[in-house]
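Enquirer: Residue numbers (the numbering used here), protein chains in the order written: chain A, 1 to 135; chain B, 136 to 270. Here a beta-carbon is modelled for each residue, glycine too, at the ideal position from N, C-alpha and C. Here the structure is a predicted model, which is why all the values come from computation and not from measurement. Attaching a single structure in C-alpha cells format; questions to follow.
2 protein chains.
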Amino acid sequence: MYKIGEIAKQAGVTTRTLRYYEQLGLLSPSEVSTKGYRYYNDNSLNIITRIRSLQHVGLSLDEIKDVIGLYFKQKKQVEAKEKTLNYLHVHLNEIEQKIKLLHKAKAELKEQIQTTQQRLSQLAEKGQKNGGSKS
Amino acid sequence: MYKIGEIAKQAGVTTRTLRYYEQLGLLSPSEVSTKGYRYYNDNSLNIITRIRSLQHVGLSLDEIKDVIGLYFKQKKQVEAKEKTLNYLHVHLNEIEQKIKLLHKAKAELKEQIQTTQQRLSQLAEKGQKNGGSKS
DNA sequence: AAGAACCTTGACGTTTACGATAAGGTTAAA
DNA sequence: TTTAACCTTATCGTAAACGTCAAGGTTCTT
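Next comes the structure, spelled out in C-alpha cells:
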C-alpha cells in the first residue's frame, strides 16, 4: 500500500494527475482511509503505466476510459466479453490507421531527404571544381 | 488566386483556422490586398493539406511550424541544405519513434483480443452443453 | 508534544486549436 | 446603386489535461 505521493513518484506522474484520473473515473485508489487518505497498490502502478502509454500513442483520457478496463478487468459474462472484443477491434483499427498515416509521412520525408542529399552533392561537385578539399 | 473562403472550402477547413495558422506563422496568404483581403494560391492548398496530415498523426501546430518549411522551401546554400537535412533526420526519428510505440500498442491489443476470444469460446462450449443453438 | 512532511478539498490559471458572435468594411451581382 | 455574400479585426468561449496556490487536517519522526 502506497500513499498517493509515493505511487505518483514511482509512476512518474504528479499527485494532481492521479486525483484528476480519479475524478474522471479512470483510476480509483485501492483503498481510502476514514480520514480520506488515498492508498494504492502495485496493480495501480500497472494501470497508470498503461494509461500513460495509451496517452502517448494519441488516445485521449476519455477514449482511454473506454478501453482501460479491457486490459485489467476479467469480465465473466459472454455479452460483456463480446462488447470488450468490439471495443478492442475498434481501438485496433484506430491504431492501424495512425500507423498507416505515419508510414506515409515517413516515406515522404525519406524522399525529401534523398532529393535534398542529391542537391547537396551537386553543390559539392561544383565546389570541387572551384575550390578543392578543406582538410 | 482564391479568397479565404474559397480556399478554406477546398481544403476542408474554416476561415478561422486559416487566420489562426497565419497568426502562428504557419501559413501566410500569397497576397494581401490593400484593403486587407487575403488571397491564396494552389500552393497554399498543398501546405494546408500537409499541415492537416501532420496534425492527424499527432504533431502539434508548434511542432509542425518547425518542420513544415522542410516540405516546401528550397534552400540554396550548402550550409542551409545541411541544416535542412539535419532537421529532416530529427523529424524522421520522431516519426519512427511514434510508429514503434503504435506497433507496441497494437501487439498488446492483439494479444488481448486473442485471450478474450479464447475465454469467449470456452464460455460458448459450456453454453453448448447446457443450452444448444438459438436459431 | 511539536515540527516536518505529507495529505485533503477547493478553486483559479494555462495551453492548444480552434468556434462563435459582434460590428463594421468590401465585392460582386442584379 | 442597392443588396447579398463575403471579408476584416476583436473578443469571448470551450474542452483537455493538468499546474499551482491556499487553507487547513494527518502522520511520522524526534
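For A107/A, go through chain B and note every residue whose CB falls closer than 7 Å to its CB, in chain order.
Expert: Here residue 107/A refers to the residue found at position 107 of the first sequence. Correct list: empty, because the minimum Cβ distance to chain B is about 10 Å.
Enquirer: If I follow the unbroken beta strand (DSSP E) through Y40/A, where does it start and stop?
Expert: Locating residue 40/A in the first sequence gives position 40, counting from the first residue. Y40/A -> beta strand (DSSP E) spans R38 to Y40.
Enquirer: Assuming K144/B contacts G193/B (C-beta within less than 8 Å), just tell me the rounded distance between them.
Expert: Residue mapping note: residue 144/B aligns to position 9 of the second sequence, counting from 1. Residue mapping note: residue 193/B aligns to position 58 of the second sequence, counting from 1. Not quite, the Cβ-Cβ distance comes to about 26 Å (not below 8 Å), so this is no contact.
Enquirer: Whose C-alpha, out of S168/B, Y175/B, T169/B and K170/B, is nearest the C-alpha of T150/B?
Expert: In the second sequence, residue 150/B corresponds to position 15, counting from 1. Out of S168/B, Y175/B, T169/B and K170/B, Y175/B has the C-alpha closest to the C-alpha of T150/B.
Enquirer: Taking L109/A and L223/B to be in contact with their CB atoms under 8 Å, please state how far apart those CB atoms are, rounded to whole angstroms.
Expert: The residue labelled residue 109/A in the question sits at position 109 within the first sequence. The residue labelled residue 223/B in the question sits at position 88 within the second sequence. With a Cβ gap of about 6 Å, L109/A and L223/B count as contacting.
Enquirer: Could you name the residues of chain A that E231/B contacts, counting a contact when the two beta carbons are closer than 9 Å?
Expert: To locate residue 231/B, count along the second sequence from 1; it is residue 96. Residues of chain A passing the Cβ test: L102 and K106.
Enquirer: Can you give the beta carbon distance from E189/B to A105/A, rounded, assuming they're within the 8 Å contact cut?
Expert: In the second sequence, residue 189/B corresponds to position 54, counting from 1. In the first sequence, residue 105/A corresponds to position 105, counting from 1. In the sequence as presented, Glu is not what sits at residue 189/B; that position holds Leu. With a Cβ gap of about 7 Å, L189/B and A105/A count as contacting.
Enquirer: Which residues, taken in chain order from the segment 48-71 of chain A, show a beta carbon closer than 8 Å to some beta carbon of chain B?
Expert: Listed by position along the chain: S53, L54, H56, V57, G58, L70 and Y71.
Enquirer: With a threshold of 16 other CB atoms inside 10 Å of the CB of Y102/B, please say whether the residue is buried or exposed.
Expert: Residue coverage of chain B in this structure runs from 136 to 270, which leaves residue 102/B outside it and unanswerable.
Enquirer: Determine the chain A residues that contact E217/B at a beta-carbon separation under 8 Å, and present them in chain order.
Expert: Walking along the second sequence from the start, residue 217/B turns up at place 82. The answer, in chain order, is L120.
Enquirer: Does the Cβ of T87/B have 16 or more other Cβ atoms within 10 Å, making it buried, or fewer, making it exposed?
Expert: Outside the displayed range of chain B (136 to 270) lies residue 87/B, so it cannot be described from this structure.
Enquirer: Alpha carbon to alpha carbon, how far is F72/A from H49/A? Give it in angstroms, no decimals.
Expert: In the first sequence, counting from the first residue as 1, residue 49/A sits at position 49. In the first sequence, counting from the first residue as 1, residue 72/A sits at position 72. One detail in the question is off: residue 49/A reads as Thr in this sequence, not His. So the two alpha carbons sit approximately 12 Å from each other.
Enquirer: For E31/A, which beta-bridge partners are listed by DSSP?
Expert: Looking up residue 31/A in the first sequence gives position 31. Its beta-bridge partners are Y39/A.
Enquirer: Since V78/A meets chain B, which of its residues come closer than 8 Å, beta carbon to beta carbon?
Expert: Counting from 1 along the first sequence, the entry for residue 78/A is found at position 78. Within 8 Å Cβ-Cβ: L255, L258, A259 and G262.
Enquirer: Pull up the CB-CB distance for I186/B and L159/B, whole angstroms please, since I reckon it's below 8 Å.
Expert: Locating residue 186/B in the second sequence gives position 51, counting from the first residue. Locating residue 159/B in the second sequence gives position 24, counting from the first residue. Between L159/B and I186/B the Cβ distance is about 10 Å, and since that is not below 8 Å, they are no contact.
Enquirer: Report the partner residues of K65/A according to the DSSP bridge assignment.
Expert: In the first sequence, counting from the first residue as 1, residue 65/A sits at position 65. K65/A pairs with nothing; no bridge assigned.
Enquirer: For L26/A, which residues in chain B fall below 8 Å Cβ to Cβ?
Expert: As a position in the first sequence, residue 26/A is number 26, starting the count at 1. By Cβ distance, chain B contributes nothing, its closest Cβ being about 17 Å from L26/A, past 8 Å.
Enquirer: According to DSSP, simplified to helix, strand and coil, what is K208/B?
Expert: Reading the second sequence from its first residue, position 73 is the one you call residue 208/B. The answer is coil: DSSP assigns K208/B none of H, G, I, E or B.
Enquirer: Would you kindly work out how many angstroms separate the C-alpha atoms of S256/B and G69/A, rounded to a whole number?
Expert: Here residue 256/B refers to the residue found at position 121 when the second sequence is read from its first residue. Here residue 69/A refers to the residue found at position 69 when the first sequence is read from its first residue. Computed Cα separation, rounded: 20 Å.
Enquirer: Whole angstroms is fine: what's the gap from L18/A's alpha carbon to I4/A's?
Expert: By one-based count along the first sequence, residue 18/A stands at place 18. By one-based count along the first sequence, residue 4/A stands at place 4. Going from the Cα of L18/A to the Cα of I4/A covers about 8 Å.
Enquirer: With a 10 Å radius around its C-beta and 16 neighbouring C-beta atoms as the bar for buried, classify T116/A as buried or exposed.
Expert: Taking the first residue of the first sequence as 1, we reach residue 116/A at position 116. Buried, since its Cβ has 16 or more Cβ neighbours within 10 Å.
Enquirer: Which bits of chain A does L227/B rub up against, with CB to CB less than 8 Å?
Expert: Sequence index remark: in the second sequence, residue 227/B carries index 92 (1-based). Near L227/B (Cβ distances below 8 Å), the residues of chain A are K106, L109, K110 and I113.
Enquirer: Based on DSSP bridge pairs, tell me the residues matched to K138/B.
Expert: Taking the first residue of the second sequence as 1, we reach residue 138/B at position 3. Partner(s): Y174/B.
Enquirer: Could you confirm whether any beta carbon from chain A is found closer than 8 Å to the beta carbon of I139/B?
Expert: Residue mapping note: residue 139/B aligns to position 4 of the second sequence, counting from 1. So, not an interface residue.
Enquirer: Considering just the uninterrupted stretch of the alpha helix (DSSP H) at L159/B, what are its terminal residues?
Expert: Start at 1 with the first residue of the second sequence, and residue 159/B comes out as number 24. Segment T150 to L159, the alpha helix (DSSP H) holding L159/B.
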